[in-house]
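S.K.:
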Amino acid sequence: MLTLNLHLCNGDVVAIQVTSSQRDRISRTLNQAVLPTTPFEVQVAGGTLMIPWRSIGYLSTQAQAEPELRATEAADCFPVCCRLVPGRVSPAGGVVAALVRRG
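For the sequence shown, this note's numbering gives the first residue as 87, with consecutive numbering after it.
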(Lines of atoms letter the chains of each structure in order from A and count residues from 1; the text may use other names and numbers.)
(Lines give C-alpha, C1' and ligand atoms only; values in the text may rest on other atoms or scores of the structure.)
Protein backbone atom coordinates (compact mmCIF):
# COMPACT_ATOMS: atom_id res chain seq x y z
CA MET A 1 0.00 0.00 0.00
CA LEU A 2 1.08 3.54 -0.62
CA THR A 3 -0.26 6.98 0.13
CA LEU A 4 -1.70 8.78 -2.87
CA ASN A 5 -2.09 12.53 -2.48
CA LEU A 6 -4.83 14.11 -4.57
CA HIS A 7 -3.84 17.75 -5.05
CA LEU A 8 -7.04 19.64 -5.75
CA CYS A 9 -7.19 22.82 -7.81
CA ASN A 10 -8.33 24.84 -4.76
CA GLY A 11 -5.12 23.95 -2.89
CA ASP A 12 -6.52 21.16 -0.70
CA VAL A 13 -4.74 17.81 -0.52
CA VAL A 14 -6.62 14.56 0.09
CA ALA A 15 -4.44 11.60 1.13
CA ILE A 16 -5.74 8.09 0.49
CA GLN A 17 -4.24 4.61 0.83
CA VAL A 18 -4.17 2.70 -2.47
CA THR A 19 -2.30 -0.09 -4.21
CA SER A 20 0.01 0.72 -7.10
CA SER A 21 -2.53 -0.67 -9.60
CA GLN A 22 -5.26 1.58 -8.15
CA ARG A 23 -2.89 4.57 -8.40
CA ASP A 24 -2.19 3.70 -12.03
CA ARG A 25 -5.92 3.48 -12.84
CA ILE A 26 -6.57 6.88 -11.26
CA SER A 27 -3.62 8.36 -13.16
CA ARG A 28 -4.83 6.91 -16.48
CA THR A 29 -8.30 8.32 -15.85
CA LEU A 30 -6.87 11.80 -15.19
CA ASN A 31 -4.85 11.62 -18.42
CA GLN A 32 -7.87 10.93 -20.62
CA ALA A 33 -8.88 13.57 -23.14
CA VAL A 34 -12.42 13.60 -21.74
CA LEU A 35 -12.84 13.12 -17.99
CA PRO A 36 -15.73 11.07 -16.57
CA THR A 37 -18.83 13.01 -15.56
CA THR A 38 -19.36 10.90 -12.43
CA PRO A 39 -17.25 12.13 -9.49
CA PHE A 40 -14.37 10.22 -7.93
CA GLU A 41 -15.67 8.75 -4.67
CA VAL A 42 -13.26 8.20 -1.79
CA GLN A 43 -13.72 7.21 1.86
CA VAL A 44 -11.96 9.68 4.17
CA ALA A 45 -12.34 9.94 7.97
CA GLY A 46 -15.46 7.80 8.00
CA GLY A 47 -17.23 9.84 5.34
CA THR A 48 -17.53 9.74 1.58
CA LEU A 49 -16.02 12.53 -0.51
CA MET A 50 -17.28 12.98 -4.05
CA ILE A 51 -14.57 14.82 -5.96
CA PRO A 52 -15.20 16.01 -9.52
CA TRP A 53 -12.40 14.67 -11.73
CA ARG A 54 -11.76 18.13 -13.22
CA SER A 55 -10.97 19.49 -9.73
CA ILE A 56 -7.98 17.13 -9.27
CA GLY A 57 -4.91 19.08 -10.33
CA TYR A 58 -2.28 16.37 -9.96
CA LEU A 59 -1.26 13.28 -7.98
CA SER A 60 1.77 12.59 -5.84
CA THR A 61 2.91 9.50 -3.97
CA GLN A 62 5.52 8.40 -1.50
CA ALA A 63 5.96 4.70 -2.06
CA GLN A 64 6.66 2.53 0.94
CA ALA A 65 8.64 -0.63 0.27
CA GLU A 66 7.45 -3.78 1.97
CA PRO A 67 9.69 -4.41 5.04
CA GLU A 68 10.30 -8.05 4.16
CA LEU A 69 11.33 -7.11 0.61
CA ARG A 70 13.82 -4.51 1.84
CA ALA A 71 15.45 -7.05 4.14
CA THR A 72 15.72 -9.75 1.48
CA GLU A 73 16.92 -7.36 -1.21
CA ALA A 74 19.66 -6.05 1.07
CA ALA A 75 20.67 -9.57 2.07
CA ASP A 76 20.75 -10.69 -1.56
CA CYS A 77 23.18 -7.93 -2.55
CA PHE A 78 26.24 -8.97 -0.59
CA PRO A 79 26.59 -11.65 2.04
CA VAL A 80 27.94 -10.32 5.34
CA CYS A 81 30.96 -12.60 5.15
CA CYS A 82 32.02 -11.38 1.70
CA ARG A 83 33.07 -8.21 -0.07
CA LEU A 84 33.00 -7.19 -3.72
CA VAL A 85 36.38 -6.69 -5.38
CA PRO A 86 36.88 -5.23 -8.84
CA GLY A 87 38.10 -7.63 -11.44
CA ARG A 88 39.21 -7.33 -15.00
CA VAL A 89 37.49 -6.49 -18.26
CA SER A 90 36.03 -9.59 -19.87
CA PRO A 91 36.55 -10.39 -23.57
CA ALA A 92 32.93 -9.34 -24.14
CA GLY A 93 33.71 -5.89 -22.73
CA GLY A 94 31.94 -6.23 -19.37
CA VAL A 95 33.63 -5.78 -16.03
CA VAL A 96 34.12 -8.97 -14.07
CA ALA A 97 33.91 -8.67 -10.30
CA ALA A 98 34.16 -11.30 -7.64
CA LEU A 99 32.87 -11.86 -4.15
CA VAL A 100 35.70 -12.88 -1.84
CA ARG A 101 35.53 -14.04 1.75
CA ARG A 102 36.41 -11.35 4.30
CA GLY A 103 39.33 -11.82 6.62
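By construction, the Cβ of each residue, glycine as well, lies at the ideal position given by its N, Cα and C atoms.
Once the 5 residues before and after GLY97 are set aside, which same chain residues still bring their CB inside 8 Å of it?
M.R.: Locating residue 97 in the sequence shown gives position 11, where the first residue counts as 1. Excluding residues within five positions, none has a Cβ falling inside 8 Å.
S.K.: Give the DSSP-derived three-state secondary structure of THR147 in the structure shown.
M.R.: In the sequence shown, the residue the question calls residue 147 occupies position 61. Three-state result, THR147: strand.
S.K.: Rounding to the nearest angstrom, what Cα-Cα distance links SER113 and VAL100 in this structure?
M.R.: Looking up residue 113 in the sequence shown gives position 27. Looking up residue 100 in the sequence shown gives position 14. The alpha-carbon atoms of SER113 and VAL100 are separated by roughly 15 Å.
S.K.: Report all residues from its chain with a CB closer than 8 Å to the CB of LEU145; omit the five preceding and five following residues, and keep chain order.
M.R.: Along the sequence shown, read from residue 1 onward, the residue named residue 145 stands at position 59. Hits under 8 Å: LEU90, ASN91, LEU92, HIS93, ARG109, ILE112, SER113, LEU116.
S.K.: Identify every residue that forms a DSSP beta bridge with LEU90.
M.R.: For the purposes of this step, residue 90 is taken as the residue at position 4 of the sequence shown. Per DSSP, ILE102, THR147.
S.K.: How would you write the range of the beta strand (DSSP E) that GLY97 sits in, first residue to last?
M.R.: If you number the sequence shown from 1, residue 97 lands on position 11. That residue, GLY97, is in no beta strand (DSSP E); it is neither H nor E in DSSP.
S.K.: So, under 8 Å CB-CB, PRO125 and MET136 are touching, yes? Tell me the CB distance rounded to an integer number of Å.
M.R.: Walking along the sequence shown from the start, residue 125 turns up at place 39. Walking along the sequence shown from the start, residue 136 turns up at place 50. That pair is a contact at about 4 Å.
S.K.: CB-CB under 8 Å to THR134, same chain, minus the five flanking residues each way: which ones, in chain order?
M.R.: The residue you call residue 134 lines up with position 48 of the sequence shown. If the five residues before and after THR134 are omitted, its C-beta is found closer than 8 Å to the C-beta atoms of GLU127, VAL128, all from its own chain and listed in chain order.
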